[in-house]
Amino acid sequence: MAQHKTLCTARPALVKQIVCAEEGNVTVIQGRVMPSPRENRVVQTGGSTCACPLCQLHLDIKHTDVLILSQFLRSDGCLLPRRVSGVCRLQQRRVQQLVAMAQKAGLMPNLAPSSSKRDPRRRFGYKKFNKYYDESTIRDVQPFSSAMSAR
């Protein structure tokens with residue numbers, strides 16, 4: 170069964186309809202742009218100049234948003250580099266921490282080999298159990314400049 174996304178950040182599909190019209194001896198073939206059925210689902214960014222999609226949309230992502238976080242992971246479980254994902258340095262660090270929190274909470278799979286110590290079942294003591302985070306105790310990642318001025 171196919172899943173349909175309800176939210177798109179890309180532009181609407183530019184589907185063209187081919188129209189053939191004959192005027193006397195001349196056949197005119199036109200391609201007219203049809204309205205996209207996904208046009209109402211596209212997120213309007215407001216023309217901001219920020220290149221980072223997370224900053225541009227002012228998304229407050231938590232560790233429980235595993236569908237959003239899984240978009241930043243490769244098939245082998247590693248985080249995509251910034252040049253591929255298109256996020257800024259601050260959001261890259263934040264996504265990295267949120268993915269680690271989601272994996273420790275058992276919300277996302279940890280794709281480490283079974284012989285690795287990163288496998289949660291092979292950890293010692295309390296570390297093999299899931300962690301549960303309270304939303305109020307999660308510290309947000311500070312920008313590098315404000316972290317240096319706080320010292």
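Numbering (my numbering), first residue to last: 170 to 320. By construction, the Cβ of each residue, glycine as well, lies at the ideal position given by its N, Cα and C atoms.
According to DSSP, which residues form a beta bridge with residue i?
i	result
K300	None, per the DSSP bridge assignment.
L242	L248
What separation, rounded to the nearest whole angstrom, lies between the Cα atoms of residue i and residue j?
i	j	result
L176	E191	With a pLDDT of only 46 at L176, under 50, the local geometry of the prediction cannot be trusted, and the value read off the model is given with reservation. Approximately 41 Å between the Cα atoms of the pair.
G184	L267	According to the sequence provided, residue 184 is Val. The question's Gly does not apply to it. Approximately 38 Å between the Cα atoms of the pair.
Y259	R201	The residue you asked about is not Tyr; residue 259 is Leu in the sequence shown. In a straight line, the C-alpha of L259 is about 43 Å away from that of R201.
L280	K296	17 Å
M321	V235	Only positions 170 to 320 of the chain appear in this structure, which leaves residue 321 out of reach.
R243	P250	10 Å
A271	L238	9 Å
Q265	Q225	19 Å
Q199	I187	6 Å
Y302	R291	22 Å
C189	P204	19 Å
S305	D229	13 Å
P222	K273	26 Å
L248	F298	23 Å
K300	P206	42 Å
D245	T196	54 Å
Can you give me the start and stop residues for the alpha helix (DSSP H) that residue i sits inside?
i	result
K273	R258 to K273
L237	A quick correction: the sequence has Ile, not Leu, at residue 237. First-last of the alpha helix (DSSP H) with I237: V235 to L238.
C224	P222 to L226
Over the uninterrupted beta strand (DSSP E) stretch that includes residue i, give me the two end residues.
i	result
R252	Counting along the chain, R252 falls outside any beta strand (DSSP E), though it belongs to the alpha helix (DSSP H) covering R251 to S254.
R201	V195 to V202
V188	K185 to E192
Could one say the Cβ of residue i lies closer than 8 Å to chain E's Cβ atoms, at least one of them?
i	result
H227	Considering every chain present, this structure includes no chain E. It has just one protein chain.
Going by alpha carbons, who is nearest to residue i out of the options?
i	options	result
V256	F241, G246, C189 and M270	F241
A220	L280, P278, N279 and S254	S254
K231	N194, A269 and G294	A269
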